[in-house]
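Student: Dropping a structure here in structure tokens format, bear with me for questions.
Residue numbers (our numbering), protein chains in the order written: chain X, 1 to 143; chain V, 1001 to 1100.
Listed below in structure tokens is the structure:
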């Protein structure tokens, strides 16, 4: 991609850290404020899509390659299932939360058992899904 | 022979589904958990049962965690379908420019 607009590239360079930070905030603070893995993962993935729209897909390939995104895409669901299965060790049903994971004080960052962990898995998966979809539909050959 | 195996599998699966459906509570019964459990009760219980302040996320990833797991599987199925239809695995990376 040879075309490069000065305004778009400077604004992207300025905004991209905030977009990614906002997405991570939505994912990590899921048990305290509105947000969640799906919405936060979409924001993080949209940040990477903006990067590849502005600087070309080769720049995005350097930051977050197609191979990495497909690997993480499969790994997110695996983390989710492993967190669910870990309840079996304590003799609890699949995906049971509080007896196994510490509850903490409601309202603090480290609380809510595995809700934040599950949402991190979902968010990573959604973000890499969006990046992988954009890469495969983007038209430039990456293989 | 193939048809026989398919019929046996389908009958076994159908019997399993049938027995599960027969064990389900009656439709529209006021004693069902879905009808008896009020929304305010869930809101009151959610914080102490899950330790999460956000009731929406405690419902999505605690009470309905299995549903969310299959939701992420839908994403996986979508991307698997895209990769299966759009990406040509037989093509080598170096050969692309030579063909064009």
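A virtual CB, placed ideally from N, CA and C, is assigned to each residue, including glycine.
1. Would you list the one or two residues that DSSP bridges to residue 106 of chain X?
2. Which residues of chain B have a Cβ atom closer than 7 Å to the Cβ of residue 1062 of chain V, listed in chain order?
3. Along the chain, where does the alpha helix (DSSP H) that runs through residue 15 of chain X open and close?
4. Roughly how many angstroms separate the alpha carbons of residue 1042 of chain V and residue 1086 of chain V, rounded to a whole number?
5. Which residues, in chain order, does the region 1026-1044 of chain V contribute to contact with chain X at a C-beta distance below 8 Å?
6. Can you give me the C-alpha to C-alpha distance between residue 1076 of chain V and residue 13 of chain X, rounded to a whole angstrom?
7. Helix, strand or coil for residue 98 of chain X, going by three-state DSSP, please let me know.
8. Please confirm if the region 1019-1036 of chain V is in contact with the region 84-98 of chain X, defined as three or more CB-CB distances below 8 Å between the two stretches.
9. Over the uninterrupted alpha helix (DSSP H) stretch that includes residue 60 of chain X, give me the two end residues.
10. Show which residues of chain V have a CB atom less than 8 Å away from the CB atom of residue 118 of chain X.
11. Output, in chain order, the set of chain X residues within a Cβ distance shorter than 7 Å of residue 1050 of chain V.
12. Is it the case that the Cβ atoms of residue 115 of chain X and residue 42 of chain X are separated by a distance below 9 Å?
13. When the Cα of residue 71 of chain X is compared with those of V:1080, V:1067, V:1068, which residue comes out closest?
14. Using 8 Å for Cβ pairs, my map puts residue 84 of chain X next to residue 1069 of chain V. What's the rounded Cβ distance?
15. When you compare only the Cα positions, how much space is there between residue 1019 of chain V and residue 1066 of chain V?
16. Excluding the 5 residues flanking residue 1095 of chain V on each side, which residues of the same chain have their C-beta closer than 6 Å to its C-beta?
17. Among the candidates X:16, X:118, X:20, X:50, whose CA atom is the shortest distance from the CA of residue 77 of chain X?
18. Which residues bound the alpha helix (DSSP H) around residue 1075 of chain V?
19. Which word fits residue 1044 of chain V, buried or exposed, when buried means at least 16 other C-beta atoms lie within 10 angstroms of its C-beta?
20. At a CB-CB cut-off below 7 Å, which residues of chain V make contact with residue 103 of chain X?
21. Could you name the residues of the same chain whose beta carbon sits closer than 7 Å to that of residue 90 of chain X, not counting the 5 residues immediately before and after it, in chain order?
22. Mind listing the chain V neighbours of residue 129 of chain X? Cutoff is C-beta to C-beta under 7 Å, in chain order.
23. Under 9 Å, Cβ to Cβ, is there at least one residue of chain V near residue 133 of chain X?
Tutor: Taking the structure as given:
1. X:108
2. No chain B appears in this structure, whose protein chains are X and V.
3. 6-28
4. 45 Å
5. none
6. 31 Å
7. coil
8. Flag = no, the region 1019-1036 of chain V and the region 84-98 of chain X do not touch.
9. 57-63
10. 1061, 1065, 1068
11. When 7 Å is used as the limit between beta carbons, residue 1050 of chain V is near these residues of chain X: 97, 98, 112, 113, 115, in chain order.
12. Cβ atoms of residue 115 of chain X and residue 42 of chain X: not closer than 9 Å.
13. V:1080
14. 7 Å
15. 21 Å
16. With a pLDDT of only 47 at residue 1095 of chain V, under the threshold of 50, the placement of this residue in the model should not be trusted; the figure read from the coordinates follows. Result list for residue 1095 of chain V: empty, nothing under 6 Å.
17. X:118
18. 1065-1086
19. exposed
20. 1051
21. Excluding sequence neighbours, residue 90 of chain X sits near 99, 100.
22. 1075, 1079
23. True, the Cβ-Cβ gap to chain V drops below 9 Å.
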